[in-house]
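Participant: In terms of this note's numbering, the sequence shown opens at residue 75 and continues consecutively.
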Amino acid sequence: MAATTDQPTAPPRDHNRTREDFYGDIAPLNMTPLWEVMSSLITPEPVSRVKPCLWRYDEVRPWLLRSGDVISAKEAERRVLILENPGMPGESKITNSLYAGLQLILPGEVAPSHRHAQSALRFIVEGEGAYTAVDGERASMSRGDLILTPSWTWHDHGNETEEPTVWLDGLDIPIVQAFETSFVERYPEDSQPVSRPSGDSAARFGHNMRPFGYVAASGASPVFSYPYADYREALEQMRARDEWDVCDGLKMEFINPIDGGPVMPTISCFVQLLPKGFATDPYRSTAASVYSVVDGEGEAVIGEQAYDLHERDVIVVPSWVPVRFSAGDDLVLFSFSDRGIQQKLGLWREQRGHSPGSG
Ligand code: GTQ
75 MAATTDQPTA PPRDHNRTRE DFYGDIAPLN MTPLWEVMSS LITPEPVSRV KPCLWRYDEV
135 RPWLLRSGDV ISAKEAERRV LILENPGMPG ESKITNSLYA GLQLILPGEV APSHRHAQSA
195 LRFIVEGEGA YTAVDGERAS MSRGDLILTP SWTWHDHGNE TEEPTVWLDG LDIPIVQAFE
255 TSFVERYPED SQPVSRPSGD SAARFGHNMR PFGYVAASGA SPVFSYPYAD YREALEQMRA
315 RDEWDVCDGL KMEFINPIDG GPVMPTISCF VQLLPKGFAT DPYRSTAASV YSVVDGEGEA
375 VIGEQAYDLH ERDVIVVPSW VPVRFSAGDD LVLFSFSDRG IQQKLGLWRE QRGHSPGSG
């Protein structure tokens, strides 16, 4: 074996040299001491840069419509105002793992077809009758509908109505960024051809059945449209039994019917109904959550800060910060988070009710 005489060696010990000198000595070797950073890496509780934040729809909407004067959907590819967390300016994140934005599509416009590694949800806040096409099938968009465009599915959006359509986009952009796994492809035409009738995926997968011999091609739900009318009816039917959870009211998860799991591997979606006058106990979990007010009004208290909630507002709750809601009117809240992937990784935790010692 060759001698190691040509390898650089540490200089002889010099007791006058400080720790700082030592750190300088090892820096060129791309090494740094753990003990200087350990307590900020491994914290006793989640430490988040995410700040609670409310986007009031009546404040945001005029600027969103103004974006329609600034650029077309075609030129922009997607005409979206990003809802950027004030704790992380310039990072296009609403939480540390998720992206959100409000997308506008005007009468006659098409947001051209593409597919990407990022998974997306659309939660419709305004308009009726525009569409999102997903892998050859069009889903109609009305207020309160949830539409999925899972990873690597072709999707384009079109508005053949007379009114603007607006929806909340939720994507796992920061997760894909962290893994450095982004790919995108543009379809040769603006609109992909319609190859399946509307309702085709719901017929196959939306009736507690599946095509015989079906083998899932991905971890995402093959049902890509969850209409408001359907889930609101379910909530209204359930409320008759008065089964209010002290933290959640009446809360349901949108699921992938193939495995009962979250609708997409990286994004979990929920809806909850709080009856008029109901106030929840405080609740916190490690899954920072984005809420959209579907119906009604009320209040959210996040940490110490109270926010009035009105229809179509968006609010973000950071990881491990307690939130409680009260309903001034029957309150319906849609929300999404990375809960499912945290659970898969064994990281998810929650705390229901007041924390010990907090009174
Ligand atoms: O509609 O495909 O908000 O690709 C960001 C990226 C929406 C979309 C966004 C996108 C889309």
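Even glycine gets a Cβ: it sits at the ideal position worked out from N, Cα and C.
Distance check for His384 and Leu128, CA to CA, integer angstroms please.
Facilitator: Position 54 of the sequence shown, counting from 1, holds the residue named residue 128. Position 310 of the sequence shown, counting from 1, holds the residue named residue 384. Roughly 10 Å between the two C-alpha positions.
Participant: Do you know how far the Cα of Thr223 is from the Cα of Arg189?
Facilitator: Here residue 189 is taken as the residue at index 115 of the sequence shown, counted from 1. Here residue 223 is taken as the residue at index 149 of the sequence shown, counted from 1. Each residue's Cα considered, the two are about 9 Å apart.
Participant: Starting from the C-beta of Arg93, find all residues in its chain whose C-beta is less than 7 Å away, skip the five residues before and the five after it, and write them out in chain order.
Facilitator: Position 19 of the sequence shown, counted from the first residue, corresponds to residue 93. If we look at Arg93 and ignore the five residues flanking it on each side, it has no Cβ neighbours.
Participant: Could you give the first and the last residue of the continuous alpha helix (DSSP H) run that contains Asp289?
Facilitator: Position 215 of the sequence shown holds residue 289. The sequence shown places Val at residue 289, not Asp. Premise fails: Val289 is in no alpha helix (DSSP H) and is neither H nor E.
Participant: Would the C-beta of Gly142 count as close to ligand 1, meaning under 7 Å from any of its heavy atoms?
Facilitator: Counted from its first residue, the sequence shown places residue 142 at position 68. The answer is no for Gly142.
Participant: Do Gln379 and ligand 3 come close, with the Cβ less than 7 Å from some heavy atom?
Facilitator: For ligand 3, the structure offers nothing, since it holds only ligand 1.
Participant: Mind checking which residues open and close the alpha helix (DSSP H) that includes Met312?
Facilitator: Taking the sequence shown and counting its residues from 1, the one referred to as residue 312 is at position 238. Note, Met312: alpha helix (DSSP H), 302–313.
Participant: Report the rounded CA-to-CA distance for Gln425 versus Val364, giving the unit in angstroms.
Facilitator: For this step, residue 425 is matched to residue 351 along the sequence shown. For this step, residue 364 is matched to residue 290 along the sequence shown. Distance between the alpha carbons of Gln425 and Val364: 18 Å.
Participant: Pick from Ala84, Glu263, Pro120, Glu110: whose alpha carbon is nearest that of Glu151?
Facilitator: Numbered from its first residue, the sequence shown carries residue 151 at position 77. Considering only alpha carbons, the answer is Glu263.
Participant: Verify whether the separation of the beta carbon atoms of Leu405 and Leu324 is less than 8 Å.
Facilitator: To locate residue 405, count along the sequence shown from 1; it is residue 331. To locate residue 324, count along the sequence shown from 1; it is residue 250. No, the pair does not count as a contact, with Cβ atoms beyond the cut-off.
Participant: What are the start and end residues of the alpha helix (DSSP H) that includes Tyr97?
Facilitator: Sequence index remark: in the sequence shown, residue 97 carries index 23 (1-based). Start and end: 93–100.
Participant: Rounded to whole angstroms, what's the CA-CA distance from Ala174 to Tyr305? Just pull it up for me.
Facilitator: Your numbering for residue 174 matches position 100 in the sequence shown. Your numbering for residue 305 matches position 231 in the sequence shown. Distance between the alpha carbons of Ala174 and Tyr305 is about 23 Å.
Participant: What distance in whole Å lies between the Cβ atoms of Leu421 and Thr360, which are believed to be in contact at a cut-off of 8 Å?
Facilitator: As a working mapping, residue 360 is identified with position 286 in the sequence shown. As a working mapping, residue 421 is identified with position 347 in the sequence shown. Indeed, because the Cβ distance is near 6 Å, the residues count as touching under 8 Å.
Participant: Is any non-hydrogen atom of ligand 1 found closer than 7 Å to the C-beta of Val240, if you look at the structure I gave you?
Facilitator: By 1-based counting over the sequence shown, the position of residue 240 is 166. No, Cβ of Val240 sits at least 7 Å from all heavy atoms of ligand 1.
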